[in-house]
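Notes to accompany the following structure.
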Amino acid sequence: MSNFPTLRDIDRRKFLLGLTGAAGLAAASNAYGQPLSKSALDLPLAATGGQIDENKLWAQVKTLFPLRPGLIHLNSVNFAPSSKPVIEKMEALSRSVNGDPSFENRFKFEESIESVRDAVAVMLGADHDEIAITRNTSEGNRTVISGLDLGPRDEVVIWDQNHESNNIAWDVWASRYGFKVVRVSTPLQPKTPSDLIKPFRQALNARTKVLAFSHVSNMSGIALPAAELCRIAAKKGILTLVDGAQTFGMMNLDLHEMGCDFFTGSAHKWLAGPHEVGVLYVRASRVERLWPSMVTHNWEKMATTGARKFECLGQRQDGRIDALKVAVDLHNTLGYERVEQRIRFLATYLRTAIAALGKVDFITPSQPEMSAGIVMFMLNTDNPRGVMETFYNKYNVSAVSYPRSSKSAVRFSPNIYVTTNELDIAVKAVSALL
């Protein structure tokens, strides 16, 4: 690890309880070298009798997001708004660079990206040199898929519920290099994590070189037992790629503990960070085994400094990268475990209320060990577009619905800026379509 200051070095509970208003928050944030924006400085965190008032806390967190009044956004799986502090950071740095585009002014980003890298590493339970700052999960997946030496005698095992960038992308590269792609299907209604593990275990063999899977599927909300799958693969000498698009910023993660070789994520989903910024984790011992997908300016310097060689991507909007740390800092201030618990609470609240309506079949398992922040269910209509229009036009609910078995699958994914009152409105919208 580097010596850059990190929020995790602060006693989070003491930090939160000590906040009595804007001045307290300003002093605390300044201690990390990353002051929060004015919108956050105006936000006193509530404490009652020495305990955090969770309802007031999350109500105050909601004010950090610039959502249109009345809009209930339940689609973090796909896209979330950036917080006001993130937006303000990006705008300030954009003005700085456009006002003074000189090398002298832009040299500051060479140092600040290392602070960003360190914050992400701490958040993910990784080492500083194992983190590359990419543009999104898909780019991270592409880097791994295109960077491994695979040939006609090799097999890659993937989950059939993977996102396209970790699914059909393998087919494209297989058609070029001749390796075999093996897809694993898991039970539609798994009862235990063992039901999810068994099909993967059966698919792995002496030819398997890579096991690639989504930590949580955007197609069902099913959460795979990532650590156990990585352990099984490692015992067989198989590399693991975990697509963390639905867990980066949602789950309290420790990648060293998980045991994966590669992990990818995006800031524009659950983290509610800058758009077009992502992360790629490459286990230190795997860096030399992975070829870069792009080589350009500064390659000689970056090629020998760990995972940095995978962010050699040409000119970028440096302000977006800096803003990633602002998003990470907010989550760290709240506490990664608290954020995960809040999102799980919202998902459980939503599922319970919808179940009480009756006539609803759920796609996402109810067990917490096989689910996360996504709630998916079926509506008995073959018009998913009409479902979305009803949600949005009549109830101000932004969600997703798509055709599935002559019916409509509905996906809700509430984030930390969503309230239970808003979820009640979403449930009312569902009730109207039953």
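According to the numbering used here, the stretch in the sequence shown is residues 57 to 490, in order. Just so it is clear, CB atoms sit at the ideal spot from N, CA and C, and this is done for glycine as well.
Query: Report the CB separation of S461 from N439 in whole angstroms; it is logged as a contact under 8 Å.; Result: About 14 Å; that fails the 8 Å criterion.
Query: Figure out for me which residue from S487, L490, V335 and V474 has the closest Cα to the Cα of Q116.; Result: V474
Query: Please classify F491: does DSSP put it in a helix, a strand, or coil?; Result: Not covered by the structure: residue 491. The range shown for the chain is 57 to 490.
Query: Does DSSP put S85 in a helix, a strand or coil?; Result: At S85 the pLDDT is 35, less than 50, meaning the model places this residue with poor confidence; the figure from the coordinates comes in the next sentence. Residue state, collapsed to three classes: helix.
Query: How would you label Y458, buried or exposed, when you count the other beta carbons within 10 angstroms and need 16 or more for buried?; Result: exposed
Query: Between F401 and H129, what straight-line distance do the alpha-carbon atoms span, to the nearest angstrom?; Result: 16 Å
Query: Between which two residues does the beta strand (DSSP E) containing T264 stretch?; Result: T264 to S270
Query: Using a Cβ-Cβ cutoff of less than 6 Å, which residues in the same chain neighbour A289 once the five nearest sequence positions on both sides are dropped?; Result: L267 and T296
Query: Give me whichever residues DSSP pairs with L297 in a beta bridge.; Result: A268 and F318
Query: Decide if Q302 is buried, meaning its Cβ has at least 16 other Cβ atoms within 10 Å, or exposed.; Result: buried
Query: Suppose only complete runs of 4+ residues qualify. What are the alpha helix (DSSP H) ranges in the stretch 142 to 220, listed by chain order?; Result: 159 to 162, 164 to 180 and 193 to 203
Query: What is the rounded straight-line gap between the Cα of L252 and the Cα of L244?; Result: 10 Å
Query: Tell me whether N388 sits in a helix, a strand or coil according to DSSP, three-state version.; Result: helix
Query: Are three or more beta carbon pairs between the stretch 266 to 282 and the stretch 420 to 435 nearer than 8 Å?; Result: yes
Query: Just reading off the alpha helix (DSSP H) that K450 is part of, what are its end residues?; Result: P440 to Y451
Query: In three-state DSSP terms, what is R407?; Result: helix
Query: Is it buried or exposed for H387, if we count other Cβ within 10 angstroms and need 16 for buried?; Result: buried
Query: Candidates A482, E478 and S250: which alpha carbon is nearest V443's?; Result: A482
Query: Roughly how many whole angstroms lie between the Cα atoms of Q492 and I278?; Result: The structure shown has nothing for residue 492, since the chain only spans 57 to 490.
Query: Throw me the rounded Cβ distance for the L180 and L311 pair, which I believe falls under 8 Å.; Result: 5 Å
Query: I think A363 touches E195, with their Cβ atoms under 8 Å apart; what is that distance to the nearest whole Å?; Result: The Cβ separation is near 13 Å, so there is no contact.
Query: Kindly indicate the opening and closing residues of the beta strand (DSSP E) around R460.; Result: V456 to R460
Query: Could you pull the DSSP bridge partners for G414 from this structure?; Result: Answer is none; G414 lacks a bridge partner.
Query: Mind reading off the beta-carbon distance from R407 to V133? Whole number of angstroms is fine, and I expect it under 8 Å.; Result: About 15 Å; that fails the 8 Å criterion.
Query: If you drop the 5 nearest sequence neighbours on each side, which residues of the same chain put their C-beta closer than 7 Å to that of Y405?; Result: T476 and L479
Query: Between the Cα of M314 and the Cα atoms of L127, P281 and I201, which residue gives the shortest distance?; Result: P281
Query: Quickly, what does DSSP pair H129 with across the bridge? List them, please.; Result: S454
Query: Does any heavy atom of the ligand GTP sit closer than 7 Å to the C-beta of P157?; Result: You won't find the ligand GTP in this model; it holds no ligand whatsoever.
Query: Taking just the CA atoms, how far does M358 sit from V153?; Result: 23 Å
Query: Quick one: what's got a C-beta closer than 7 Å to V343's C-beta in the same chain, skipping five residues either side?; Result: G362 and A363
Query: If I follow the unbroken alpha helix (DSSP H) through S464, where does it start and stop?; Result: Unbroken run through S464 is the beta strand (DSSP E), K463 to F468; no alpha helix (DSSP H).
Query: What does the alpha-carbon distance come out to for the pair V416 and A488?; Result: 13 Å
Query: Throw me the rounded Cβ distance for the P330 and S138 pair, which I believe falls under 8 Å.; Result: 6 Å
Query: Should M432 and S276 be called a contact, given that it needs their Cβ atoms to be closer than 8 Å?; Result: yes
Query: Please look up how many angstroms separate the CB atoms of V238 and E211, rounded, as I've assumed it's under 8 Å.; Result: 6 Å
Query: Can you tell me which of T320, R198 and E166 puts its alpha carbon nearest to the alpha carbon of M350?; Result: R198
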